[in-house]
Amino acid sequence: MLLLLYALIGSASCQNLLWKEPLAHLNNAELQDYLLKVHNQCPNITRVYELSQSSVNGWPLVVIEFTENPGKHGFLKPEFKYIGNMHGNEVLGRVMLSSLAGYLCDEYRKGNEDIQKLINITRIHILPSMNPDGWDIATQSGGKDWLAGRENANGKDLNRDFPDLNSIAYQAEKQSEMRTNHLFSSDVVNHKLQPETAAVIQWILNNPFVLSANLHGGALVANYPYDEARKPHQLHDYTATPDDDTFRYLAKVYSGAHKTMAAEKPISCGGDDFTHQGGITNGAAWYSVAGGMQDFNYLSSNDFEITLELGCDKYPAAEKLAEEWENNKKALINFIWNSHIGIKGIVKDAATGVPLSGATIKVYNISGHREINHDITSVLGGEYWRLLTPGKYSITAIKQGYIPKSANVTVINVPKQEAVRVDFDLVPNFEDDSDVMFDSMRSDPETLEILQLLDYLRSRENDDN
Numbered sequence: 001m002l003l004l005l006y007a008l009i010g011s012a013s014c015q016n017l018l019w020k021e022p023l024a025h026l027n028n029a030e031l032q033d034y035l036l037k038v039h040n041q042c043p044n045i046t047r048v049y050e051l052s053q054s055s056v057n058g059w060p061l062v063v064i065e066f067t068e069n070p071g072k073h074g075f076l077k078p079e080f081k082y083i084g085n086m087h088g089n090e091v092l093g094r095v096m097l098s099s100l101a102g103y104l105c106d107e108y109r110k111g112n113e114d115i116q117k118l119i120n121i122t123r124i125h126i127l128p129s130m131n132p133d134g135w136d137i138a139t140q141s142g143g144k145d146w147l148a149g150r151e152n153a154n155g156k157d158l159n160r161d162f163p164d165l166n167s168i169a170y171q172a173e174k175q176s177e178m179r180t181n182h183l184f185s186s187d188v189v190n191h192k193l194q195p196e197t198a199a200v201i202q203w204i205l206n207n208p209f210v211l212s213a214n215l216h217g218g219a220l221v222a223n224y225p226y227d228e229a230r231k232p233h234q235l236h237d238y239t240a241t242p243d244d245d246t247f248r249y250l251a252k253v254y255s256g257a258h259k260t261m262a263a264e265k266p267i268s269c270g271g272d273d274f275t276h277q278g279g280i281t282n283g284a285a286w287y288s289v290a291g292g293m294q295d296f297n298y299l300s301s302n303d304f305e306i307t308l309e310l311g312c313d314k315y316p317a318a319e320k321l322a323e324e325w326e327n328n329k330k331a332l333i334n335f336i337w338n339s340h341i342g343i344k345g346i347v348k349d350a351a352t353g354v355p356l357s358g359a360t361i362k363v364y365n366i367s368g369h370r371e372i373n374h375d376i377t378s379v380l381g382g383e384y385w386r387l388l389t390p391g392k393y394s395i396t397a398i399k400q401g402y403i404p405k406s407a408n409v410t411v412i413n414v415p416k417q418e419a420v421r422v423d424f425d426l427v428p429n430f431e432d433d434s435d436v437m438f439d440s441m442r443s444d445p446e447t448l449e450i451l452q453l454l455d456y457l458r459s460r461e462n463d464d465n
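According to UniProt numbering, the sequence shown is numbered sequentially starting from 1.
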């Protein structure tokens, strides 16, 4: 209902979008109005929608999407998301993401070829505020309290509210036959989720996100997984994911493009200075967090997420926002481009051409002489995307009922170019009596006829013997 109301307000032409005007802290109603104004300026490349649940106090969690065909997944088009204001009193990400929405729209209309290409080959989802209730609390308290508004209206820290999949993954690492990815199920939820958390979980699981970032404040650093230490009760312990090289690469993409995050001049926020590390940190090395969102993304889906701490001041004054936009603008755009690194492709049945969802994509790093023990899976249309740093890799596609197939590939990661395409046509394994294989084959009448003929020939062969 709120979006319908604000659609009427935002229907008038808006010639100057927010990022070009003096930046301001928009309240929740104004933020929704602004996103609809952006949509009205760029209706052919945007869509405004709400997540499945609202905040505790009833504010919808509003997303603006940018792509050439909004509302639809594009074939082999990676899906990207930004989330801001998860902690309600950390507001800079909220302003940066609303400004980014205006910038993308305006630059697309002006004919900026880089922005046009980025939007045409990527599906970008932007959620400026995950915790609108917390924003209200922080703003009503003057925006200067270090903690007021951090939590949602129920007093829960949303970045501690996600199911803890790390403990499952760490246990699985000790038992090599168990997988360490796609670990989410209803069985692992051992507490009542906050509505904001539940909405984001459903969003993650219902969309084939490839890359994302969660924007925070109070420090100046790009933080990458794991956030939760592998060793129990260790507060500061570097805990690498199997994709540590890729996460470090992604964190440096943002810090290196930010104007001050990786600067040579030390910038300390409460004693934390990450400039000597290039403006990046492993989450658990900084401090261990259980139930965090970035680890949940990595362990429940195909998505790689990092956390961006945008500055020491959690609630900067309005007159500082324009400077912060200039600090972050290039980095925000550059990070989205990195949803195109590595490889992508489609997995199909070699006999029928039918796309195969749920195929496992395994990676062996030839350059580093090691297996990357984190698999991704093909989605409904048989598509997959696998973020990788430059190097040589052996990629294997596996699906029950089919013969595995491997391919060697060299990843270069040319800036502003699409990922290397590696397709797999999997041959049915007729020695495998898997129902999964036969269910797929029965969907094609010609293939079913071939299967019946093969069964007949085998029975004749057995009779002859």
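By construction, the Cβ of each residue, glycine as well, lies at the ideal position given by its N, Cα and C atoms.
Beta bridge counterpart(s) of residue i as assigned by DSSP
i, result
"residue 339", "In the DSSP output, where bridge partners are listed per residue, residue 339 has none listed."
"residue 312", "Bridge partners of residue 312: none, in fact."
"residue 355", "348"
"residue 410", "392"
"residue 364", "371 and 394"
"residue 213", "82 and 306"
"residue 282", "224"
"residue 421", "344"
Contact set for residue i: own chain, Cβ-Cβ below 7 Å, skip 5 residues either direction
i, result
"residue 268", "none"
"residue 330", "257"
"residue 339", "78, 80, 122, 210 and 211"
"residue 141", "148 and 149"
"residue 172", "178, 179 and 180"
"residue 278", "252, 255 and 262"
"residue 398", "359, 360, 362 and 404"
"residue 107", "115"
Span separating the alpha-carbon of residue i from that of residue j
i, j, result
"residue 302", "residue 157", "25 Å"
"residue 296", "residue 34", "30 Å"
"residue 441", "residue 352", "In this prediction, residue 441 scores a pLDDT of 44, lower than 50, which makes its location untrustworthy; the coordinate-derived value is nonetheless stated afterwards. About 8 Å."
"residue 69", "residue 45", "6 Å"
"residue 151", "residue 131", "8 Å"
"residue 270", "residue 313", "10 Å"
"residue 184", "residue 168", "10 Å"
"residue 117", "residue 181", "32 Å"
"residue 139", "residue 320", "17 Å"
"residue 190", "residue 101", "36 Å"
"residue 429", "residue 400", "9 Å"
"residue 206", "residue 98", "24 Å"
"residue 200", "residue 244", "25 Å"
"residue 32", "residue 26", "9 Å"
"residue 198", "residue 53", "7 Å"
"residue 166", "residue 285", "15 Å"
Residue i, buried or exposed, once every other Cβ within 10 Å from all chains shown has been counted against 16
i, result
"residue 349", "buried"
"residue 410", "exposed"
"residue 274", "buried"
"residue 39", "buried"
"residue 163", "buried"
"residue 41", "buried"
"residue 214", "buried"
"residue 135", "buried"
"residue 419", "buried"
"residue 89", "buried"
"residue 146", "exposed"
"residue 218", "buried"
"residue 427", "exposed"
"residue 305", "buried"
"residue 208", "buried"
"residue 408", "exposed"
"residue 186", "exposed"
"residue 294", "buried"
Residues of its chain near residue i, where Cβ-Cβ distance is below 8 Å and the 5 sequence neighbours each way are ignored
i, result
"residue 170", "230"
"residue 77", "67, 121, 122 and 123"
Span of the alpha helix (DSSP H), counted from its first residue to its last, around residue i
i, result
"residue 120", "113-121"
"residue 39", "28-41"
"residue 160", "From DSSP, residue 160 is part of no alpha helix (DSSP H); its letter is neither H nor E."
"residue 263", "Premise fails: residue 263 is in no alpha helix (DSSP H) and is neither H nor E."
"residue 137", "132-140"
"residue 253", "244-257"
N-terminal and C-terminal residue of the beta strand (DSSP E) that residue i is part of
i, result
"residue 47", "46-50"
"residue 386", "383-386"
"residue 110", "Taken as a continuous stretch (DSSP letters only), residue 110 belongs to no beta strand (DSSP E), being part of the alpha helix (DSSP H) at 92-110."
"residue 219", "219-224"
"residue 64", "62-66"
Cβ-based neighbour list, residue i, same chain, cut-off 6 Å, excluding 5 preceding and 5 following
i, result
"residue 71", "47"
"residue 24", "318"
"residue 160", "291"
"residue 143", "315"
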